[in-house]
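Numbering-wise (our numbering), the sequence shown opens with residue 22 and increments by one.
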Amino acid sequence: MSRISRNISIILRAERLIAQRHLTIAAKRTGFYAAAGLAVGLAVVMLNIAGFFWLSVTLSKPLAALIVAAANLLLAVILALLANSQNPQADTTAAVELRDMALNDIEAEIKDSLSDARETVAGIRRDPIGTLTPEVFSAILSTLIKYARRRKE
């Protein structure tokens, strides 16, 4: 049973590491999307200014404003692509493998314990007295002694 508790502890630690990594990636993505939103906001402002200058004055002022707006849009696209390129799976592969190994070990130990219990029950059915090993006999005897002491009190 100590293997089961150890494996459960490993699973919980692995899950915590995976969750922390997912949270870190989500925070980074949020920052990139916020920066992209700011760049888009600046681009909209610049496009508005460029449109105004283009309609009201000469060609050189609006052309400069359009170039600045295009640069802001390019920056927004780059930031959005960076946000989408963040992948927590690459960083959590080892933790996922560790969790899966622990789960498989727990499953194997439970199957072994069930198999041992079935064999013990089958042995008791065949030969109830012969299957009482010293450990089982001493456990039963200590339980009976404790029960007898409680009855005295």
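C-beta: ideal position from N, C-alpha, C; glycine also.
Reduced DSSP category for residue i - H, G, I as helix; E, B as strand; rest coil
| i | result |
| --- | --- |
| Q41 | helix |
| D148 | coil |
| N108 | coil |
8 Å Cβ cutoff, residue i in contact with chain D
| i | result |
| --- | --- |
| A90 | No chain D is part of this structure, which consists of one protein chain only. |
Integer-rounded CB distance, given that residue j should sit under 8 Å from residue i
| i | j | result |
| --- | --- | --- |
| A90 | L68 | 5 Å |
| L33 | A116 | Their Cβ separation, rounded to whole angstroms, is 11 Å, which puts L33 and A116 out of contact at 8 Å. |
| L119 | A35 | 5 Å |
| A86 | I70 | 5 Å |
Open item on the list: Check whether the region 120-131 and the region 83-98 touch, using three or more Cβ-Cβ pairs below 8 Å as the test.
Closed with: no
TODO: Examine the Cβ distances between the region 128-142 and the region 44-54 and report whether three or more of them are shorter than 8 Å.
DONE: no
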